[in-house]
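In my numbering, the protein residues as written are 8 to 211.
Structure representation (structure tokens):
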């Protein structure tokens, strides 16, 4: 099947930095649109799951009758990218999940919610990420998760480089599904979104 040169990428619009992700994907050469309903999900080539609060997002996805359609499309190979809470939603396992919390799955990894601490522990760091090339990327971590472990098919794209959390995994990719602990949509550096658009096009 031919991949579209200008794919339509949906942003799950139940919570989080929806506008910022829409702007970033459009800057990266794709068409952005919001997804709140199953029929809107059917019309996109790929999906971005933004940050927010993962337990709330889980409940909202169910309230909008999106949980089963999202799982089905991910299982069928739809490309997806999740930032912060989006990373948690795309994890197959959560280390400290609430009893009723479920994920959409898609990446063979275990994540820990709020691993870096509370809102006051938010921080920024420059990360050297080979997959996007060029200068270091300024990564913004806000009540961010980290990845505790990954399966054999998961590529680690970035780790924390300094401080007490040095070595912790903060960006991963498995096939056409990608996730970051940090928020590239808020910095004006669109290289992660450009990489995702290339993945959707079948060129990366």
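Using N, Cα and C, we set each Cβ at its ideal position, and we do this for glycine too.
Just checking my contact of residue i with residue j at CB under 8 Å: how many whole Å lie between their CB atoms?
i, j, result
"residue 122", "residue 153", "4 Å"
"residue 97", "residue 55", "Their Cβ separation, rounded to whole angstroms, is 11 Å, which puts residue 97 and residue 55 out of contact at 8 Å."
"residue 53", "residue 114", "Not a contact, Cβ separation roughly 15 Å."
"residue 198", "residue 116", "Contact doesn't hold; Cβ gap of about 22 Å is too wide."
"residue 147", "residue 190", "5 Å"
"residue 72", "residue 109", "At roughly 15 Å, the Cβ-Cβ gap does not stay under 8 Å, so residue 72 and residue 109 are not in contact."
Put residue i into one of helix, strand or coil per three-state DSSP.
i, result
"residue 31", "helix"
"residue 17", "strand"
"residue 93", "helix"
"residue 130", "strand"
"residue 199", "helix"
"residue 150", "coil"
"residue 119", "strand"
"residue 73", "coil"
"residue 81", "helix"
Checking contacts by CB at 8 Å: is residue i closer than that to chain C?
i, result
"residue 23", "No chain C appears in the structure shown, which is made up of a single protein chain."
Which residue's Cα is closest to the Cα of residue i: the options?
i, options, result
"residue 50", "58, 41 and 101", "41"
"residue 171", "25, 130, 47 and 23", "130"
"residue 70", "21, 161 and 196", "21"
"residue 155", "101, 63 and 61", "101"
"residue 44", "75, 32 and 23", "75"
"residue 14", "28, 35 and 24", "35"
"residue 26", "208, 118, 188 and 58", "58"
"residue 158", "151, 83, 18 and 182", "182"
"residue 132", "119, 161, 168 and 160", "168"
"residue 107", "141, 84 and 61", "61"
"residue 46", "19, 173 and 206", "19"
Counting only the same chain and skipping the five closest in sequence on each side, list residues whose C-beta sits under 7 Å from that of residue i.
i, result
"residue 7", "Not covered by the structure: residue 7. The range shown for the chain is 8 to 211."
"residue 111", "77, 78, 81, 96 and 97"
Whose C-beta lies closer than 6 Å to the C-beta of residue i among residues of the same chain, with five residues either side of it excluded?
i, result
"residue 88", "55, 185 and 203"
"residue 33", "39"
Practice task
Could you say if the segment 93-101 and the segment 135-146 meet the contact criterion of at least three C-beta pairs nearer than 8 Å?
Solution key: no
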